[in-house]
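Novice: My structure is below; once you've seen it, I'll send some questions.
Numbering (the numbering used here), first residue to last: 1 to 84.
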């Protein structure tokens with residue numbers, strides 16, 4: 001799990017990672033759910049670009065399912081919800 005956290009944290013724009021959960025849906029199909037914190041000044045397009053980068057990088061870690069973004073705390077920072 002630490003390897004996955006480090007993969008997410010090394011993505012440009014990521015400030016922190018929390019509430020990370022990884023589970024197997026079925027043999028060979030793994031899922032991930034997490035919140036990542038990014039700068040609240042990012043546009044939606046910039047946030048989505050970060051999510052796509054994380055999705056791509058996690059595919060190399062055998063996590064095949066990550067989708068969705070949600071800005072939970074726009075006043076101080078953006079929390080992107082990953083549910084893959």
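Yeah, the Cβ is synthetic: ideal placement off N, Cα and C, and Gly gets one too.
Bear in mind that the values here come from a model prediction, so they are computed numbers and not experimental data.
If the criterion is Cβ atoms closer than 9 Å, does the pair residue 54 and residue 14 meet it?
Specialist: Here residue 54 is taken as the residue at index 54 of the chain shown, counted from 1. Here residue 14 is taken as the residue at index 14 of the chain shown, counted from 1. Yes, the Cβ-Cβ distance between residue 54 and residue 14 is below 9 Å.
Novice: Hey, out of 61, 37, 60, whose CA is closest to residue 12's CA?
Specialist: Here residue 12 corresponds to residue number 12 of the chain shown, with the count starting at 1. The shortest Cα separation from residue 12 among 61, 37, 60 belongs to 37.
Novice: Enumerated in chain order, which unbroken segments of the beta strand (DSSP E) with a length of 3 residues or greater are wholly contained in the region 2 to 77?
Specialist: Counting whole runs of 3 or more residues, the region 2 to 77 contains the beta strand (DSSP E) stretches 14 to 26, 29 to 38.
Novice: Are the CB atoms of residue 4 and residue 25 within a distance shorter than 9 Å?
Specialist: In the chain shown, residue 25 corresponds to position 25, counting from 1. In the chain shown, residue 4 corresponds to position 4, counting from 1. No. Outside cutoff.
Novice: Are residue 47 and residue 8 closer than 9 Å when you measure CB to CB?
Specialist: The count along the chain shown starts at 1 and reaches residue 47 at position 47. The count along the chain shown starts at 1 and reaches residue 8 at position 8. Against a cut-off of 9 Å, the Cβ pair of residue 8 and residue 47 comes out as no contact.
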